[in-house]
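For reference, the structure discussed in these notes is given below.
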Amino acid sequence: MKELNISLQDTQWDFTYTDHDRDIVRAIVIDNEENYYFVRVERDDDFGKATLIETAGGGVESGENLEEAIVRELKEELGVEVEIITKLGVVKDFYNLIHRRNINNYYLCKIKSFGEKEMTDSEINDFHLSTLKLTYEEARREYVKCSNTRLGKLIADREILVLEHATKILENEIY
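Note that this note's numbering has the sequence shown beginning at 19, numbered continuously upward.
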């Protein structure tokens, strides 16, 4: 199946300018029973107050390649060791409020083992990250529910597309 290559606009805040890009890795994470793993994020910042669902992931650190970054991020946020099944593609989107273009590199990963999370202080204290274990349908409903905020809408618009793409790959075992 072809990799995603999508560009999305920020429909929630007016565009003024973009002054930086952020290279990001994210993953659709599954276990042997076809459960999906996400993070619950509780925010109260420039984007407003919101409780959201999001794929685990984050910024690529200096000197890291994308695969190293996704393995690290999934260990930090979910406490899992994973096998990378395939790259799902790239979704570029904008956060006009902070003048940023996100370059989201998505992967499909299968859990090999569970361990301890290694979250940063910011992930614990500012975003209150917690793990969500959901079926595909539960995840879709959660994204729709969380799209009642401006940031939630931006995230849902991006991530539902990726979740659908990953599920088609899994159903057809094309990777």
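The beta carbon of each residue, even a glycine, is placed where N, CA and C say it ideally should be.
For this session: Just the C-alpha distance for residue 123 and residue 21, rounded to the nearest angstrom, thanks.
Result: 10 Å
For this session: Let me know if residue 73 comes out buried or exposed under the rule of 16 or more other beta-carbons within 10 Å of its beta-carbon.
Result: buried
Problem set entry | Cβ neighbour criterion (16 or more within 10 Å) applied to residue 95 | buried
Exercise. Rounded to a whole number of angstroms, what is the C-alpha to C-alpha distance between residue 114 and residue 33?
Worked result: Taking the straight line joining both Cα atoms gives about 5 Å.
Exercise. Are the CB atoms of residue 30 and residue 171 nearer to each other than 9 Å?
Worked result: yes
Exercise. According to the Cβ coordinates, are residue 150 and residue 160 closer than 9 Å?
Worked result: Cβ distance < 9 Å, so residue 150 and residue 160 count as in contact.
Exercise. From residue 176 to residue 184, what does the alpha carbon distance come to, in whole angstroms?
Worked result: 13 Å
Exercise. Is there contact here, the segment 126-142 with the segment 35-54, by at least three beta-carbon pairs under 8 Å?
Worked result: Between the segment 126-142 and the segment 35-54 there are three or more C-beta pairs closer than 8 Å, enough to call the two in contact.
For this session: Assuming residue 99 and residue 131 form a contact by the criterion Cβ under 8 Å, report the distance between their Cβ atoms to the nearest whole angstrom.
Result: 5 Å
Problem set entry | For residue 143 and residue 59, the rounded distance between their alpha carbons | 11 Å
Exercise. Between residue 101 and the rest of its own chain, which residues show a CB-CB distance below 7 Å, the 5 nearest in sequence each way excluded?
Worked result: 127, 128, 130
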